[in-house]
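This report concerns only the one structure given below.
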């Protein structure tokens, strides 16, 4: 047997679920990579996690209504983003508190909906699908919708990248240049909600933030330039998805077959983050003060 | 950048060509009046110091000038300039008070300067020769060429200050506002930054309004002083403002201005029991020799 056969289990390249998983996973990883760079820079990782958990309530509710969960994820996280904006996402102290409370309540709702789902559909893996994703079970019919959403979210962040960077450095510096900080913040939060919904679709609502924040955090350590950071972040996300899909497919031949693809993706993202710490610029302890 | 319709004002003849004129400004913060009847001008090419103790209202005044905060009354005029030029030539360059830049932010010093040129623009940043040359020119002007490719968050305080000044000046404004750029710098950096700003003001033909709680580092380079205390300002040529009579009137109590080895010591007198106002002891301990 050749080396390729040892890496790629038989049927990998001809499997339709693998094709769909790779296509959807790659698109989502690119969006998350681009959007995630600013999530990390703006310190909004917790907001991303909250949107994702709230999305779980929407995803599980959409099962009850017989709609594809991606629309539930999307509706819930967009609504949550709007609520967070109204509660005052700009004010850090009230923000974390309000977010935490809404987050807890939504997970409670998700618990109820998932219970109702399980009573309606006997023996279904709805709970696992919503919370931890199942990339191999996605329908190819989702591809156009996901592609459109991806284009909107990633496109918005690419177009807004300079004002976003400037306002992340200092709100005053941005305001002096005529940038409308509040509007920009709302726009970014909406893009974040879409990215989070897409991440939830692929690796589950609970794990979605890993794909959003992990590759971005690793990329920030590897490059000093904003554009390169976005590219590197997207590339690392895609890599995690591809290797994750491959390992999950191969795992069907393992003694305990069928390991979840989400596990592999999240584990790889974690490894990338650790690796970037070794490869990236060494932290020189404290920053120098005063003149050099 | 002017605010709500200004009330009719006593006609004051504008001095020369003013790049900034502040007229009869009242400013409130959280319902409390912090500045009253503030009027002053900064002429083209002038170097003006906005001097006052911490909490005197210097930052607030700068925010009003920049249009980041609305005054309760009065107006700010930046004559000869419209709100924003389409080509990114902003009327005012601004260096905010020291803020913490994240060491991990993926931004080189030259990228931060570039944002001074087109940070408000939408779309992908496309490279252009004119842009690159202007950025390089500004990096050299502030002496940042040796660390232009380092992460801006990992530079020292003095280096970051240079990059922020380049960011503020790269769009060729006619007025540069700097909010406490000397705070938290060691004595050598203070001297370097003051010399740099003074040189840039001449080279780039930009008027400067620089706030500081310490007058001495700026004594050699300032044309004018805008002195803030007790919610009011006294302004004029440096020698005319930093005098016992003027500052006593401003503080509402007797203040001595002592000259020691070319430095100035502003000391609250304790011999006037009838003096109103709070206890102000402004002592300046170090300065440029």
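Chains as they are written, first to last, in the numbering used here: chain V, 1022 to 1313; chain Z, 47 to 335.
The beta-carbon is built from N, C-alpha and C at its ideal position, and this holds for glycine as well.
The ligand GDP heavy atom lying under 7 Å from the CB of residue 1102 of chain V: Here there are no bound small molecules, and the ligand GDP is not part of this structure.
In chain V, which residues lie less than 8 Å from residue 172 of chain Z when you measure between Cβ atoms? Taking the beta carbon of residue 172 of chain Z as reference, no residue of chain V falls within 8 Å; the closest one sits roughly 11 Å away.
In angstroms, rounded to a whole number, what distance separates the CA positions of residue 250 of chain Z and residue 123 of chain Z? In a straight line, the C-alpha of residue 250 of chain Z is about 21 Å away from that of residue 123 of chain Z.
For residue 268 of chain Z, which residues of its own chain have a beta-carbon under 6 Å away from its beta-carbon, when the five flanking residues on both sides are left out? If we look at residue 268 of chain Z and ignore the five residues flanking it on each side, its Cβ neighbours are 93, 95 and 284.
Quick check on residue 114 of chain Z - is its C-beta less than 8 Å from some C-beta in chain V? At a cut-off of 8 Å between C-beta atoms, residue 114 of chain Z counts as an interface residue with respect to chain V.
Residues in its own chain within less than 7 Å of residue 1148 of chain V by CB, not counting five upstream and five downstream? Excluding sequence neighbours, residue 1148 of chain V sits near 1135 and 1139.
For a cutoff of 8 Å on Cβ pairs, would you count residue 1169 of chain V as touching chain Z? Not an interface residue.
Please confirm if residue 1236 of chain V has its CB atom under 8 Å from at least one CB of chain Z. So, not an interface residue.
Which listed residue (Z:296, Z:308, Z:216 and Z:183) has its alpha carbon closest to that of residue 277 of chain Z: That would be Z:296, whose Cα lies nearest to the Cα of residue 277 of chain Z.
Just the C-alpha distance for residue 221 of chain Z and residue 1076 of chain V, rounded to the nearest angstrom, thanks. Residue 221 of chain Z and residue 1076 of chain V: Cα-Cα distance of roughly 49 Å.
Can you confirm whether residue 76 of chain Z, when its beta carbon is compared against all beta carbons of chain V, has any partner nearer than 8 Å? Not closer than 8 Å to any Cβ of chain V, the Cβ of residue 76 of chain Z fails to qualify, so no.
Step through the CB atoms of chain Z and report whether any lies within less than 8 Å of the CB of residue 1244 of chain V. It does: the Cβ of residue 1244 of chain V has a partner Cβ on chain Z nearer than 8 Å.
Going along chain V in order, which residues have a C-beta closer than 8 Å to the C-beta of residue 138 of chain Z? What residue 138 of chain Z touches in chain V: 1197.
Can you give me, in chain order, the residues of the stretch 1031 to 1063 of chain V that have a beta carbon less than 7 Å from any beta carbon in chain Z? Within the stretch 1031 to 1063 of chain V, the residues whose Cβ lies closer than 7 Å to some Cβ of chain Z are 1062, listed in chain order.
Near-chain V residues of the stretch 152 to 184 of chain Z (beta-carbon distance less than 7 Å), N- to C-terminal order: Along the stretch 152 to 184 of chain Z, the positions whose C-beta sits under 7 Å from a C-beta of chain V are 152, 153, 154, 157, 161, 164, 165, 166, 167, 168, 169, 170 and 171, read in chain order.
So with CB distances below 7 Å, who are the chain V contacts of residue 147 of chain Z? Taking the beta carbon of residue 147 of chain Z as reference, the chain V residues within 7 Å of it are 1190, listed in sequence order.
Residue 219 of chain Z in three-state terms, based on DSSP: Correct three-state label for residue 219 of chain Z: coil.
For the alpha helix (DSSP H) holding residue 1040 of chain V, just list the boundary residues, first then last. Start and end: 1037 to 1062.
Are residue 1180 of chain V and residue 168 of chain Z touching if we call contact CB-CB under 8 Å? Their beta carbons are under 8 Å apart, which means residue 1180 of chain V touches residue 168 of chain Z by this criterion.
I want to see whether chain Z comes within less than 8 Å of residue 1201 of chain V, judged by CB atoms only; does it? Residue 1201 of chain V does not count as touching chain Z.
Any Cβ of chain V within less than 8 Å of the Cβ of residue 197 of chain Z? At least one beta carbon of chain V lies nearer than 8 Å to the beta carbon of residue 197 of chain Z.
For residue 278 of chain Z, report the span of its beta strand (DSSP E) as first-last. First-last of the beta strand (DSSP E) with residue 278 of chain Z: 278 to 283.
At least one CB of chain A closer than 8 Å to the CB of residue 117 of chain Z: is that the case? No chain A is part of this structure, whose protein chains are labelled V and Z.
Counting C-beta neighbours from all protein chains within 10 Å, is the total for residue 343 of chain Z 16 or more, i.e. buried, or is it exposed? Residue 343 of chain Z falls outside the range modelled here, since chain Z spans only 47 to 335, and no answer is possible.
Evaluate contact between the stretch 198 to 208 of chain Z and the stretch 155 to 165 of chain Z, counting only Cβ atoms and requiring at least three cross-stretch pairs below 8 Å. Three or more beta-carbon pairs drawn from the stretch 198 to 208 of chain Z and the stretch 155 to 165 of chain Z are found closer than 8 Å, and the two stretches are therefore classed as touching.
Identify the contact partners of residue 1180 of chain V in chain Z, using a Cβ-Cβ distance below 7 Å as the criterion. The contacting residues are 168 and 169.
Endpoints, the alpha helix (DSSP H) within which residue 242 of chain Z is located: 233 to 249 is the extent of the alpha helix (DSSP H) around residue 242 of chain Z.
Minimum C-alpha distance to residue 86 of chain Z - residue among Z:301, Z:308, Z:241 and Z:272: Restricting attention to Z:301, Z:308, Z:241 and Z:272, the CA atom closest to the CA of residue 86 of chain Z is found in Z:272.
For the alpha helix (DSSP H) containing residue 1197 of chain V, list its first residue and its last residue. For residue 1197 of chain V, the enclosing alpha helix (DSSP H) begins and ends at 1192 to 1197.
Starting from the beta carbon of residue 142 of chain Z, find every residue of chain V whose beta carbon is closer than 9 Å, and list them in chain order. One finds 1191, 1193, 1194 and 1197 in chain V with Cβ atoms closer than 9 Å to the Cβ of residue 142 of chain Z, taken in chain order.
Please tell me whether residue 150 of chain Z has its Cβ less than 8 Å away from any Cβ of chain V. Closer than 8 Å to some Cβ of chain V, the Cβ of residue 150 of chain Z qualifies, so yes.
Tell me the rounded alpha-carbon separation between residue 1159 of chain V and residue 1043 of chain V. Cα to Cα, the separation comes out at about 11 Å.
Can a CB atom of chain V be found closer than 8 Å to the CB of residue 135 of chain Z? Residue placement at residue 135 of chain Z is flagged as unreliable, the pLDDT there being 47, under the threshold of 50; the coordinate-derived value follows with that caveat. Not closer than 8 Å to any Cβ of chain V, the Cβ of residue 135 of chain Z fails to qualify, so no.
Under three-state DSSP, which class holds residue 212 of chain Z? Under the three-state reduction of DSSP output, residue 212 of chain Z falls in the helix class.
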